[in-house]
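Q: Read in order, the letters of the sequence shown are residues 1 to 133 in the working numbering. Just dropping this structure here.
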Amino acid sequence: QVTSKLPALRAYQFSIPAPKPPAGTYSKSAARRGKVVFDANCARCHVGGNLTDNNDGVLHAPAETGMDPAYAERTSQKRYRTTPLRGLWQHAPYFHDGSAKTLEDVVKHYVRALNLQLSGKQRKDLEQYLKSL
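Structural data, given as structure tokens:
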């Protein structure tokens, strides 16, 4: 039975250190400011060292995330897991369907879907923080 082995597999995967982003690919000062934005707006679901609430099996309805439900419909629970953000800089395109080509697209999506009130500077800082993960 594979299901009984999944928690151990997840623990192993999450124990592997995420690769560091290449030097010079993000602004450290903007990333520090972006972490403040992230903590205030994103850390409800992206929590802990792996930046996901799925460690506890939490899943989200497509309407909660503003995502197309077609991909969730393929799953047994018809919901999405919160993607772990470790090493995010190397995983473009983003979202289950690859619809976000850049981290700027990701931020724009969540600003719209979650009605986040972020200035242009806060959005850019958040992008820099995401690049730093």
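Don't be surprised by glycine CBs; every beta carbon is placed ideally from N, CA and C. All values reported here derive from a predicted model rather than from experimental measurement.
Threshold first: 4 residues or longer. Then list the alpha helix (DSSP H) segments lying entirely within the region 32-106, N to C.
A: Listed in chain order, the complete alpha helix (DSSP H) runs (minimum 4 residues) inside the region 32-106 are 62-65 and 69-72.
Q: Which of the three DSSP states, helix, strand or coil, is assigned to leucine 114?
A: It is coil, neither helix nor strand.
Q: So the alpha helix (DSSP H) tyrosine 129 belongs to, where does it begin and stop?
A: Element bounds for tyrosine 129: 120-132.
Q: Taking C-alpha atoms, which residue in Gly120, Gly49, Glu64 and Pro7 lies nearest to arginine 79?
A: The option with the nearest alpha carbon to arginine 79 is Glu64.
Q: Is it a yes or a no for the region 32-44 touching the region 94-103, going by three-plus beta-carbon pairs under 8 Å?
A: At 8 Å Cβ cutoff, the stretches do not touch.
Q: For proline 84, does the count of other Cβ atoms within 10 angstroms reach 16, so buried, or fall short, so exposed?
A: So proline 84 ends up on the buried side.
Q: Secondary structure at serine 29, three-state DSSP: helix, strand or coil?
A: Helix, per DSSP.
Q: Tell me the DSSP secondary structure of glutamine 1 in three-state form.
A: The answer is coil: DSSP assigns glutamine 1 none of H, G, I, E or B.
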